[in-house]
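Enquirer:
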Amino acid sequence: MATLHVTARSLTVLLGDWTGDGPAYRALADRIRLLVLDGRVLVGSRLPAERELSTRLGLSRSTVAAAYRELREAGYLSSVRGSGSVTRLPGDDRASIHPVPRSVQPPALRLVEPGGRAGGAVTSVSAGAPRPRPRLAPTASWAEPRGVDLAPLNFSQAALPASAGVAEAMQQAAADIVPLLGTLGYEAHGLPALREAIADRYTERGLPTEPDQIMVTSGALNALGLIARALLSRGDRVIVETPTYPHAADTLVAAGARLLPVTVTGGSGWDEDALLDTLAQSAPTIAYVMPDFHNPTGESMSPSFRRRLVAAAAASATVLVADETTAELDIDRPAAADGEPYMPLAAYGDAILLGSASKTFWGGLRIGWLRADTSMVRRLLAVRASVDIGTALFEQLVTATLVRRTAELLPARIRQLESGRDELYAALGRSLPGWSLPAVHGGLCAWVNIGRPVSSQLVLTARSHGVLFTAGPRFGIGGAFERFLRLPINYSPRETQRAVDALQTSWREIEARSIGSQLPEFADMV
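Using the UniProt record's numbering, the first residue of the sequence shown is number 1, and each one after it goes up by one.
(1) Where does the unbroken alpha helix (DSSP H) through Val41 begin, and where does it stop?
(2) At a cut of 8 Å, does the stretch 12 to 22 reach the stretch 63 to 73 through at least three beta carbon pairs?
(3) How many angstroms separate the CA atom of Ala174 from the CA atom of Arg308?
(4) Please classify Phe484: does DSSP put it in a helix, a strand, or coil?
(5) Quick check on Thr263: does DSSP put it in helix, strand or coil?
(6) In whole angstroms, give me the CA-to-CA distance for Gln504 and Val319.
(7) How should Leu428 be labelled, buried or exposed, when 16 other C-beta atoms within 10 angstroms of its C-beta is the threshold for buried?
(8) By DSSP, does residue 530 sit in helix, in strand, or in coil?
(9) By the three-class DSSP mapping on this structure, what secondary structure does Asn449 have?
(10) Please identify the residue among Ser375, Thr242, Met290 and Ala228 whose C-alpha is closest to the C-alpha of Val253.
(11) Could you spell out the range, first to last residue, of the alpha helix (DSSP H) harbouring Val383?
(12) Do you know how far the Cα of Gly368 is from the Cα of Leu15?
(13) Mind checking who Thr242 pairs with in its DSSP beta bridge?
(14) Is the beta carbon of Pro296 closer than 8 Å to that of Trp447?
(15) Does the stretch 178 to 187 touch the stretch 356 to 371, meaning 3 or more C-beta pairs lie closer than 8 Å?
(16) Tell me the residue span of the beta strand (DSSP E) that contains Tyr186.
(17) Excluding five sequence neighbours on each side, which residues of the same chain lie with their C-beta closer than 7 Å to the C-beta of Thr12?
(18) Under DSSP, the alpha helix (DSSP H) around Met343 begins and ends at which residues?
(19) Assuming Leu71 contacts Ile32 under a Cβ cut-off of 8 Å, what Cβ separation, rounded to an integer in Å, is found between them?
(20) Use the C-beta contact count for Tyr425: other C-beta atoms within 10 angstroms, 16 or more gives buried, fewer gives exposed.
(21) Is the distance from the Cβ of Ala480 to the Cβ of Leu42 below 8 Å?
(22) Short check: CB of Thr461 to CB of Ile510, under 8 Å?
(23) What does a CB cutoff of less than 6 Å around Gly442 pick up in its chain, not counting 5 residues either side in sequence?
(24) Taking only three categories from DSSP, how would you classify Tyr288?
(25) State the CB to CB distance for the pair Leu259 and Ile477, rounded to an integer number of angstroms; the pair is presumed to be in contact (CB under 8 Å).
(26) Any idea if Ser436 is buried or exposed, counting beta-carbon neighbours within 10 angstroms, 16 or more meaning buried?
(27) Assign Ala315 to buried or exposed, taking buried as 16 or more other Cβ atoms, counted over all protein chains shown, within 10 Å of its Cβ.
(28) Between the C-alpha atoms of Ser126 and Arg405, what's the straight-line distance to the nearest angstrom?
(29) What number of angstroms, rounded off, separates the C-alpha of Asp212 from the C-alpha of Ala193?
(30) Can you check whether the CB of Leu354 is closer than 8 Å to the CB of Glu324?
(31) Please report how far the alpha carbon of Ala335 lies from the alpha carbon of Ser302, in whole angstroms.
(32) With three or more C-beta pairs closer than 8 Å as the rule, is the stretch 264 to 275 touching the stretch 204 to 220?
(33) Could you tell me which residues DSSP puts in a beta bridge with Ile352?
(34) If you reduce the DSSP assignment to three classes, tell me which class Trp507 lands in.
(35) Within a Cβ cutoff of 6 Å, which residues of the same chain sit near Ala223, ignoring the five residues on either side of it in sequence?
(36) Just to confirm, does Ala254 get its C-beta within under 7 Å of one of the non-hydrogen atoms of the ligand GDP?
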């Protein structure tokens, strides 16, 4: 079984100041348990040997052995022949770790140890429960609906209704498409008008770009799928962040990727050493990252680390893929400590950039794109011929008009998100003052630390009160993140208050009873 290895040195750093009142073995076990629940030690990781950790911590071996024993008895650790002590989650079949022969693997999230070899059995992390379709999206333009709330509120979707310019752009597109009706209508590369508009927008952001470097796709996930199809063979290693956008991880897994997760922590950002070490040791085929307003943590990479990351990817011959779908949703991000501007990763060297009209304009357009060097674009075009041939022309014309008006339309979008953030935080502060609220400077969501490992139970309970959320483990590679909840900031004040009321009621119910082990079905989320 291939497993991730946590060294004694790394675990010591993660433990921090772990000592307290009571037996040392219990305090050590409690801190390791917390690290697993928060995803800082990944499910399926091999912990250091008892002797190695005891030497590093300056403890007796019997103390570490007792801590490991307590973790095993509580279901957070299992002894696997040939792998030592491996972390797990108690009673979580949805994220259980088990060896699976390659010939009978289900579509699951597969992990491989950095620097390790792909063997006949791999570590699998199941991809999650079925998800019922949503029944209520954010109210268009935040107009307050009248009457009694009858339908469930789906508070799991981090996306906005159509921006003010969409209807006008559609009217313009209805006229612009007439000359195209005499063509066959297939544009695998994308309409020149849209590619030119996107290239000009990158240039405005400080990254000179030519239209031939742009390929229009049917959404950013479609772009990622094309990249995976073109570059990956089954079993190839791919770096992903954890937590991450789960549909991206699912897309990579569907292409046969073996995921190498690297931690992103709200408030402190990327584990930079781990990311650079994984690039150097494992030489993955692809590294998929979200450098601006990371989903779900909201973190942004510093300009200095962007430069180091691009250089490290080049040294390991890894294709760096940067998801920029929320990059322009900057509410009030502070200037970088070194004073450098936040630039797209491709400004520092080779990287493929993913973009989308969904977050800035409207998800109903289903228009995305990628920016790459022309040789990569040609390679992806060759692959696309067997996938979907091209993207709808009418929506491309609509998006071309909108992209040209980005500077005009974006400020209203930002104000809407700022208002949504402030409403959410005010409501949480009144109703759930014990929760830890991170600084949100952009993007579409907040990664809230609820203080107890009950995220799945909270989501399940809230369903009975008519509001759908997505639990923290949905964003983790291998579960974990039970102390976290992703809360969108894109809903109206009325919807936000309704969601917080449901959370407060559910929280009180959980406090009043023993926590069960049932896990929720996840609502569709974006």
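Where a beta carbon is used, it is the ideal one built from N, C-alpha and C, also for glycine. Because the structure is a prediction, the values reported are computed rather than measured.
Expert: Put simply:
(1) Annotation for Val41: no alpha helix (DSSP H) segment contains it, and DSSP assigns it neither H nor E.
(2) no
(3) Going from the Cα of Ala174 to the Cα of Arg308 covers about 46 Å.
(4) strand
(5) strand
(6) Going from the Cα of Gln504 to the Cα of Val319 covers about 44 Å.
(7) Counting the other CB atoms within 10 Å of its CB gives Leu428 a total of 16 or more, which places it among the buried residues.
(8) Within the shown structure, residues of the chain are numbered from 1 to 526, placing residue 530 beyond reach of any answer.
(9) strand
(10) Ranked by how close their Cα comes to the Cα of Val253, the residues Ser375, Thr242, Met290 and Ala228 have Ala228 in first place.
(11) Thr374 to Arg384
(12) 41 Å
(13) Thr263
(14) yes
(15) No contact exists between the stretch 356 to 371 and the stretch 178 to 187.
(16) Where Tyr186 is concerned, there is no enclosing beta strand (DSSP E), given that its DSSP letter is neither H nor E.
(17) Arg56 and Leu57
(18) For Met343, there is no enclosing alpha helix (DSSP H), as DSSP marks it with neither H nor E.
(19) 6 Å
(20) buried
(21) yes
(22) yes
(23) Phe293, Leu329, Asp330, Ile331 and Arg333
(24) In this structure, Tyr288 counts as strand in the three-state DSSP scheme.
(25) 6 Å
(26) exposed
(27) exposed
(28) Residue placement at Ser126 is flagged as unreliable, the pLDDT there being 33, under the threshold of 50; the coordinate-derived value follows with that caveat. If you take the alpha carbons of Ser126 and Arg405, they lie about 43 Å apart.
(29) 12 Å
(30) Contact: yes.
(31) Straight-line measurement puts the Cα of Ser302 at about 10 Å from the Cα of Ala335.
(32) No: fewer than three Cβ pairs fall under 8 Å.
(33) Val321
(34) When DSSP states are grouped into helix, strand and coil, Trp507 belongs to the helix group.
(35) Thr217, Leu354, Gly368 and Leu370
(36) Among the components modelled here there is no ligand, and therefore nothing to report on the ligand GDP.
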